[in-house]
Amino acid sequence: MRRPGQRKASSGTPGSDAGRVASRPGESDPDARLRSMERLADLLPSAARQFGLEDQLEQAGAAAAWLEIIARGVPAAKGGCRLVDLSQGVATIEADEPIIAQEIRLRSPELLAALRKSMRTPLRQIRITTRHV
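And the structure:
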């Protein structure tokens, strides 16, 4: 029988939390690492900066944004064009067919405005090329 203020002895059976040891040395609360987790999307920009990959990360983001913009703005061109380069304020788009290139040229003011909204760096123009097979 226990006296008041006396702790119950640990049974040490598997699955019991009594006598549980922290998963990392110096960590008193095993759930502490859950509270300090950060989203990968928040970590990528600083990691890219650290390794000198900022331009590549920006270009990948712009390419993904372009695919969404085309899907909404010019559904007929979806899958028939892609952003292949982003440098000096110019987004170079490669179209698979001349008719797709023409459609993008016709809608370039609205496509450029939409792409500008999704990017941090200034964008002056869209250059369209036709893929030669």
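Take 32 as the starting number for the sequence shown in our numbering and just add one per residue.
Positions of the beta carbon are idealized from the N, C-alpha and C atoms, including for glycine.
Being a predicted model, the structure only gives us computed values, none of them experimental.
*Keeping to the same chain, check which residues put their C-beta closer than 7 Å to that of T152; ignore five residues upstream and five downstream.*
Leaving aside the five residues that flank T152 on each side, the residues in its chain whose CB is nearer than 7 Å to its CB run, in chain order, E89.
*asked:* Does the contact criterion of 3 or more C-beta pairs under 8 Å hold for the stretch 69-78 versus the stretch 107-122?
replied: The stretch 69-78, when compared against the stretch 107-122, does not touch it at the 8 Å Cβ threshold.
*Answer yes or no: do A108 and E134 have a C-beta to C-beta separation smaller than 7 Å?*
In this structure, E134 lies closer than 7 Å to A108 by Cβ.
*asked:* Restricting to Cα atoms, I'd like to know which of V105, E85, G111 is closest to L143.
replied: V105 is the residue among V105, E85, G111 whose C-alpha sits nearest the C-alpha of L143.
*Should L71 go down as buried or exposed, given a rule of 16 or more other Cβ atoms within 10 Å for buried?*
Label assigned to L71: exposed.
*asked:* Once DSSP output is grouped into helix, strand and coil, what is the label at L154?
replied: DSSP places L154 in coil when its eight states are reduced to three.
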